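Report on one structure; see the data block that follows.
Numbering (the numbering used here), first residue to last: 694 to 903.
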């Protein structure tokens, strides 16, 4: 008979400890929860709808390389632009002084001396006469340095280099020299051509296509 009460006690104690580990195991079950958490960041990555947007950008990138093509022909269009022409009324005797005043105004406005070329159709400028006294090569070397205003005679303007501003002093000389100096001066003026001379004479030459 004592065996009968002992058996139920053994069963109860066995059931008691078994339940406790089961509860502990249930607490361990939330551990796999961090596993699905990486799935949550996958959701922000899901914006799959924006994914079709990149191909649209690719098409725009393909259009970009086509742009440099037309830009090439645009470059030669710039040099085709003619320089501005300004006429300063002056007699043949006062043309050189008018040209000197124009040069002074250019330098005062911020122009560098090396950006200005002065062409005379009659008597040479005193500076040119002085430099030529040291020889032809020394004279043209002054142009190559580009440190100062360069003065050239209309007869030798073909050897003059282009500069942003060209000032022509119509201070006499044969009509052929004047007619030939203006077109050559225009081709050497990058931005501005200033002509100091008698308005009627200069305008007639300019109207003929100079």
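Beta carbons: idealized from backbone N, C-alpha and C, even for Gly.
Computed from a predicted structure; not experimentally measured.
Going by beta carbons, residue 812 and residue 845 fall inside the 8 Å limit. Exposed is the label assigned to residue 798, since fewer than 16 other Cβ atoms lie within 10 Å of its Cβ. For residue 811, the beta-bridge partners assigned by DSSP are 844 and 860. Using a 10 angstroms sphere on the CB of residue 838, the tally of other CB atoms stays under 16, which defines it as exposed. Taking 8 Å as the cut-off, the beta carbon of residue 898 is found no closer than this to the beta carbon of residue 776. Judged by DSSP secondary structure, residue 884 falls within the beta strand (DSSP E) whose first and last residues are 882 to 890.
Excluding residues up to 5 positions away in sequence, 782 lie with their Cβ nearer than 6 Å to the Cβ of residue 892 in the same chain. In the structure shown, residue 817 falls within a coil segment according to DSSP collapsed to helix, strand and coil.
The three-state secondary structure of residue 782, taken from DSSP, is strand.
The closest CA to that of residue 857, considering only 805, 830, 780 and 831, is found on 805.
Of 870, 872, 842 and 868, the smallest CA-CA separation from residue 860 is found for 842. Each of 816, 808, 834 and 779 was checked against the Cα of residue 785, and the nearest Cα belongs to 816.
In the DSSP assignment, residue 830 falls within the alpha helix (DSSP H) that extends over 829 to 838.
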